[in-house]
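Start counting the sequence shown at -12; every next residue gets the next number (my numbering). Backbone N, C-alpha and C define an ideal beta-carbon position, used for all residues, glycine too. Small disclaimer: the values here were computed from a predicted structure and weren't measured. Just below is one structure, and these are the notes that go with it.
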Amino acid sequence: MHRTLELAAVALSLTASVGCIHAPSPLTPGVEGSVGYPHRGVLVRGAELPRQGPGYEWLRGDDRHFAIPRFVSTIVHAAAMVEALRPGAHLGIGDLSKRDGGTLLPHLSHRSGRDADLLLYMETLDGAPVVSPGFIHVEPDGLAHDDKGKRFLRFDVAREWILVRTLLLDREARVQWLFCNHNVKAILLDWATARGESGELLRRADETLHEPKPGGLHDDHIHVRTECGPDEVASGCEVWGPHRAWLSP
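As structure tokens, this is what we get:
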């Protein structure tokens, strides 16, 4: 643990002084991927989520779409699964991390390639899917007001549950948290329970869907955090938070 913290500190100092760590260094020979913690770390040789793909697209065209490679693949897979099962909508992708990680305002985390903000799926009141215009706040009844479009929308819980379900069942995703508002959580769990999802899957959803404190309401997106894998720990990924029992050690 202490050795990994020392390596993370070296990586952080190098990032501050030269801006990045693209190649192996005698000072950090085994450091790669997510280095440090979600709230205090960097990203070494991460992957960029493509601007768009089956069932998803960036919300903004900037340099905030980097993460550890397997996490990028996880997001691509989950969006494609929603598109395959209920075509016609697009998942809006907010911030992941910067190319080399580090501070990403206004976030408290998103620093080491293990976090991603996924906008909530929305539909019209008639049930037609819409491209999310941005971070739209969902009320306890599932309604949301699109200020730009001057219209009411509805939380598309059917597509959102497919996304959550896919993430929780994907072992490569290693989902540790699905940060969201308690109202969003309640709507999702009610939907899943009514449709006969297994007790095990409901337990996973109940454990991971969580409103962070501090961290804002999260009633307009789900913030996904992936847990360090064993190989990633050996390369500098520092464990932060609970280990999910259904994942490998």
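Residue i and residue j closer than 8 angstroms at C-beta
i, j, result
"residue 26", "residue 95", "yes"
"residue 143", "residue 109", "yes"
"residue 140", "residue 209", "no"
"residue 237", "residue 189", "The displayed coordinates of the chain run from -12 to 236. Any statement about residue 237 would go beyond what the structure contains."
"residue 196", "residue 156", "no"
"residue 160", "residue 154", "yes"
"residue 120", "residue 76", "no"
"residue 193", "residue 168", "no"
"residue 62", "residue 21", "no"
"residue 102", "residue 84", "yes"
"residue 107", "residue 125", "yes"
Coil, strand or helix - residue i by DSSP
i, result
"residue 228", "coil"
"residue 90", "coil"
"residue 184", "coil"
"residue 116", "strand"
"residue 104", "strand"
"residue 62", "helix"
"residue 9", "Unreliable positioning characterises residue 9 in this predicted model, as indicated by a pLDDT of 39, which lies under 50. A coordinate reading is not provided."
"residue 26", "coil"
"residue 174", "helix"
"residue 233", "coil"
"residue 160", "coil"
"residue 55", "coil"
"residue -10", "Its pLDDT being 37, under 50, residue -10 is placed unreliably by the model, and nothing is read from it."
"residue 213", "strand"
"residue 155", "helix"
"residue 18", "coil"
"residue 126", "coil"
"residue 169", "helix"
"residue 71", "helix"
"residue 138", "strand"
"residue 44", "strand"
Candidates the options: closest to residue i by CA position
i, options, result
"residue 100", "71, 79 and 58", "58"
"residue 97", "132, 112, 137 and 51", "51"
"residue 127", "163, 102, 230 and 170", "170"
"residue 111", "132, 124, 103 and 102", "132"
"residue 93", "228, 201, 230 and 134", "201"
"residue 199", "163, 123, 138 and 182", "163"
"residue 158", "32, 60, 17 and 31", "60"
"residue 89", "78, 33 and 39", "33"
Between the CA atoms of residue j and residue i - distance to the nearest angstrom
i, j, result
"residue 87", "residue 19", "11 angstroms"
"residue -2", "residue 29", "Confidence in residue -2 is poor, its pLDDT being 44 and thus under 50, which makes the residue's placement too unreliable to answer from."
"residue 65", "residue 149", "8 angstroms"
"residue 41", "residue 70", "7 angstroms"
"residue 67", "residue 191", "22 angstroms"
"residue 211", "residue 185", "22 angstroms"
"residue 53", "residue 174", "30 angstroms"
"residue 37", "residue 73", "22 angstroms"
"residue 221", "residue 130", "45 angstroms"
"residue 123", "residue 179", "22 angstroms"
"residue 48", "residue 172", "29 angstroms"
"residue 232", "residue 152", "17 angstroms"
"residue 138", "residue 183", "33 angstroms"
"residue 135", "residue 46", "15 angstroms"
"residue 176", "residue 147", "11 angstroms"
"residue 31", "residue 227", "18 angstroms"
"residue 17", "residue 223", "8 angstroms"
For residue j and residue i, believed in contact at Cβ under 8 angstroms, the rounded distance
i, j, result
"residue 24", "residue 219", "Rounded, the Cβ-Cβ distance is 13 angstroms, inconsistent with contact."
"residue 35", "residue 80", "Their Cβ separation, rounded to whole angstroms, is 11 angstroms, which puts residue 35 and residue 80 out of contact at 8 angstroms."
"residue 217", "residue 236", "6 angstroms"
Residue i CB to nearest heavy atom of the ligand HEM below 7 angstroms
i, result
"residue 33", "Among the components modelled here there is no ligand, and therefore nothing to report on the ligand HEM."
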